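Residue numbering for the sequence shown follows full-length UniProt numbering, starting at 1 and increasing by one per position.
Positions of the beta carbon are idealized from the N, C-alpha and C atoms, including for glycine.
Bear in mind that the values here come from a model prediction, so they are computed numbers and not experimental data.
Here's the structure we're looking at; comments come further down.
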Amino acid sequence: MTMVRLWHENGTVIEHTEPVCCPCGPNQRAPTSCGNFFDKLVKGKRNTAHCLRFPGDRSHVWGIGPWSLGFSIRVQVKKGSSVTEVVVGPENRTVISSDNFLKVNLVGDYAGYTSIPTFEDVYLVTPRKGAGSGQPQDLGDEHIKWMLLERVRFGPECNQIGVGYKAFQNQPSFCSSPVSSCLNEQLWNFWESDKSRIDSNQVPLYIVEGRFQRINQHPNAGAHSFSVGVTEALSSNLLLELSADDIEYSYQRSPGKIMGIDVATFEALSQVGTAKVTTMNIGKLEASYRLTFNCLSGISKLEEQYYVMKPGEVFIKSFDLHSSSNEAEKYQCAAILKASDFTEVDRVECQFSTTATVFNNGTQIGSTNDHKEEGGIWGLLEAIRTFCFNFWDFVTNFLTGKSCSWTKCSSLFDIGCHFQYICIGWVIIICLVVAMLPIGAVVLWLLHQKGFFDPVYDWWEDLLGLEPHGRAHLRHRKGHHRRRRHHHQHSHHHGDYHQHRHHHVHLQRHHHVEQPEAAAEEGHRRHRHDPTLGVQHRGGAGHKHGHGKAVAAAVHFDGPSRLRDMEDAVEFREWRRDEVRHAEHGMHGHDRRQYSRF
1 MTMVRLWHEN GTVIEHTEPV CCPCGPNQRA PTSCGNFFDK LVKGKRNTAH
51 CLRFPGDRSH VWGIGPWSLG FSIRVQVKKG SSVTEVVVGP ENRTVISSDN
101 FLKVNLVGDY AGYTSIPTFE DVYLVTPRKG AGSGQPQDLG DEHIKWMLLE
151 RVRFGPECNQ IGVGYKAFQN QPSFCSSPVS SCLNEQLWNF WESDKSRIDS
201 NQVPLYIVEG RFQRINQHPN AGAHSFSVGV TEALSSNLLL ELSADDIEYS
251 YQRSPGKIMG IDVATFEALS QVGTAKVTTM NIGKLEASYR LTFNCLSGIS
301 KLEEQYYVMK PGEVFIKSFD LHSSSNEAEK YQCAAILKAS DFTEVDRVEC
351 QFSTTATVFN NGTQIGSTND HKEEGGIWGL LEAIRTFCFN FWDFVTNFLT
401 GKSCSWTKCS SLFDIGCHFQ YICIGWVIII CLVVAMLPIG AVVLWLLHQK
451 GFFDPVYDWW EDLLGLEPHG RAHLRHRKGH HRRRRHHHQH SHHHGDYHQH
501 RHHHVHLQRH HHVEQPEAAA EEGHRRHRHD PTLGVQHRGG AGHKHGHGKA
551 VAAAVHFDGP SRLRDMEDAV EFREWRRDEV RHAEHGMHGH DRRQYSRF
């Protein structure tokens, strides 16, 4: 193996740059067998070599000194066709115009700033400019690659920005450590992490662009200065002195519009989110605006932001949202854009929701007995048991909707929410419930038509001791139809040469209540003397049947006679069924005599 070291430009060797050799094996730094058995016989024993090399991308690291506040106030006074203008600021508080017409004095601010960030404990990292290693002439404008990182992250030790060759080579358990050990938390790791946050509409933690506004737009900033805009709005006190007889005060006002509101997803295990409001100056004049973002409840009060937009300029303002609850909530907020005269020019409302924070305080270290039986039949049984549990959890989550919208949707019938979060389980359940209502009604009606519930109806009527008029009438019509059909069948199968004697007994329903003995005698008299209930046979030449209008209707009596009459009615119905069955089978030519005893 050839040991390669790095050299300085002056020809000296850079210490601790030689590779470190590690044996081959599955548990080494680079798990490899280094060839098969025959390769080892022919070429001998092999090892793996590991060394530290840096990519070609280099960066400048800057320390940031004490901050200073800078702003400018421009005052214009129009006199006839001429315009007099002066600019005042913290570094030049009193200014007199060249024609001595206007004098402006910046008295001061009514209140001090409270949201000015400090950068004494961080370094500013910018991409290297040019091929040399010296200090660049300017910082450039690639703000997307500028990062602010804590100073404790920099150093020559392992897992620090600027790790040295010595720390990498002398790290403990070098060969048994994984590849890229000692090289964590480098610049590219922070940049890629923030890039993922930006892609998911979250505020970056280290990248300057997106975290601050008006980067390096200070009017008097030098080549090696770093400045950011302050979103806090303050009022300043100005003293204007004019040499004139009459004064007219005017200001520039331009219409504006809120283009959209974007509320990023709240971070995990936190109650902080970000709302970005996009505004645009749709007028033809440069003017100042004030933007407020207010929520009805659940979100802390937010400070109004002040800024200036040129004609056609689009500005994105960020608001930090602090939720007062870690439960699932729905919030309703409104963004209000005000012109320079404090009048409202546009208002846009928005709604967003947050999910509940799930806390799991269970132990993070499993039991030492959990993996004792890993092989053999016990391992197979454990795998089957785990699969069954996972499949059952999947089915229950799919049907209940816990895995997608248990906390996102407020109710079972919030169809729009379920489609938004693709909660197909709840959607299917809702569709099935809605479809089962008419289907169930149709099935019950068909069963009712087929007489499936007749035993229930009879039980209910017997329980109450009376029978509804509608069902009695229906039974009467059905019984009457059966007798007519039976009569025609007999007429069809039997000629004039056969004599048939049928004793048809018809009971008419009484709507009055009689004493038991009197009612029984009245019933016998009806059977003996009512001509409409008898059957006459004359000479065997034909049949004449007299049918009444009531068929096997139950007679309501009181006392002992009621029980007997009910038994006779049952016997009569049994006789009618036998008679119809004989007639349908074509059993004719015989003299059948059926009697019912009353």
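In chain order, what residues of the same chain have a beta carbon less than 6 Å from the beta carbon of residue i, not counting five sequence neighbours either side?
i: F297; result: For the record, residue 297 in the displayed sequence is Ser; it is not Phe. Cβ within range, chain order: n/a, list empty.
i: C158; result: A167, Q171, C182
i: R74; result: V87
i: E327; result: A356
i: T126; result: H60, L139, W146
i: V443; result: none
i: A335; result: I258, I261, V277, F293, V348
i: W62; result: L124
Would residue i pass as a contact of residue j if the rule is Cβ separation under 8 Å?
i: G256; j: V345; result: yes
i: V77; j: L238; result: no
i: H50; j: P19; result: yes
i: C350; j: I261; result: yes
i: L234; j: Y289; result: no
i: S254; j: G283; result: yes
i: L242; j: L102; result: yes
i: F212; j: I64; result: no
i: C333; j: C388; result: no
i: E329; j: S300; result: no
i: S340; j: A287; result: yes
Around the C-beta of residue i, are 16 or more other C-beta atoms found within 10 angstroms, so that it is buried, or is it exposed?
i: P204; result: buried
i: D370; result: Below a pLDDT of 50, predicted positions are generally treated as unreliable, and D370, at 40, falls in that range; the measurement from the model is reported next regardless. Classification for D370: exposed.
i: F315; result: buried
i: I384; result: exposed
i: R29; result: buried
i: N92; result: exposed
i: I116; result: exposed
i: F190; result: buried
i: F342; result: exposed
i: T265; result: exposed
i: M309; result: buried
i: D462; result: exposed
i: I377; result: exposed
i: T94; result: exposed
i: D99; result: exposed
i: T48; result: buried
i: W7; result: exposed
Please report how far the alpha carbon of residue i lies from the alpha carbon of residue j, in whole angstroms.
i: S200; j: S180; result: 28 Å
i: C186; j: Y306; result: Note on identity: in this sequence residue 186 is Gln, with Cys being the wrong assignment. Computed Cα separation, rounded: 37 Å.
i: W67; j: V228; result: 11 Å
i: F319; j: F293; result: 8 Å
i: Y165; j: D121; result: 26 Å
i: A244; j: Y251; result: 19 Å
i: H322; j: Y331; result: 12 Å
i: D246; j: T84; result: 15 Å
i: M280; j: L291; result: 12 Å
i: G273; j: E248; result: 46 Å
i: I439; j: W459; result: 27 Å
i: P23; j: R5; result: 20 Å
i: A441; j: G465; result: 29 Å
i: D109; j: F71; result: 12 Å
i: L106; j: L240; result: 9 Å
i: K450; j: I430; result: 31 Å
i: L149; j: T12; result: 33 Å
i: S176; j: E192; result: 28 Å
i: L380; j: N390; result: 15 Å
i: H448; j: D393; result: 41 Å
i: residue 599; j: M436; result: Not covered by the structure: residue 599. The range shown for the chain is 1 to 598.
i: N10; j: F174; result: 31 Å
i: L52; j: C21; result: 13 Å
i: I14; j: W188; result: 25 Å
i: E135; j: R151; result: At residue 135 the sequence reads Gln, which differs from the Glu that was named. If I take the Cα positions, the gap works out to 20 Å.
i: K195; j: V433; result: 46 Å
Give me, in chain order, the residues of the same chain whose beta-carbon lies closer than 7 Å to that of residue i; leave out the 5 immediate sequence neighbours on both sides.
i: G155; result: G162
i: A223; result: Q137, D138
i: E142; result: P127
I believe residue i touches residue j by the beta-carbon criterion, under 8 Å. Please report the beta-carbon distance rounded to the nearest angstrom.
i: Y113; j: V230; result: 6 Å
i: E303; j: E209; result: Their Cβ separation, rounded to whole angstroms, is 22 Å, which puts E303 and E209 out of contact at 8 Å.
i: residue 604; j: H16; result: Outside the shown range of the chain, which is 1 to 598, sits residue 604, and nothing can be said about it.
i: N128; j: R58; result: What sits at residue 128 in the sequence shown is Arg, not Asn. Correct: roughly 4 Å between the Cβ atoms.
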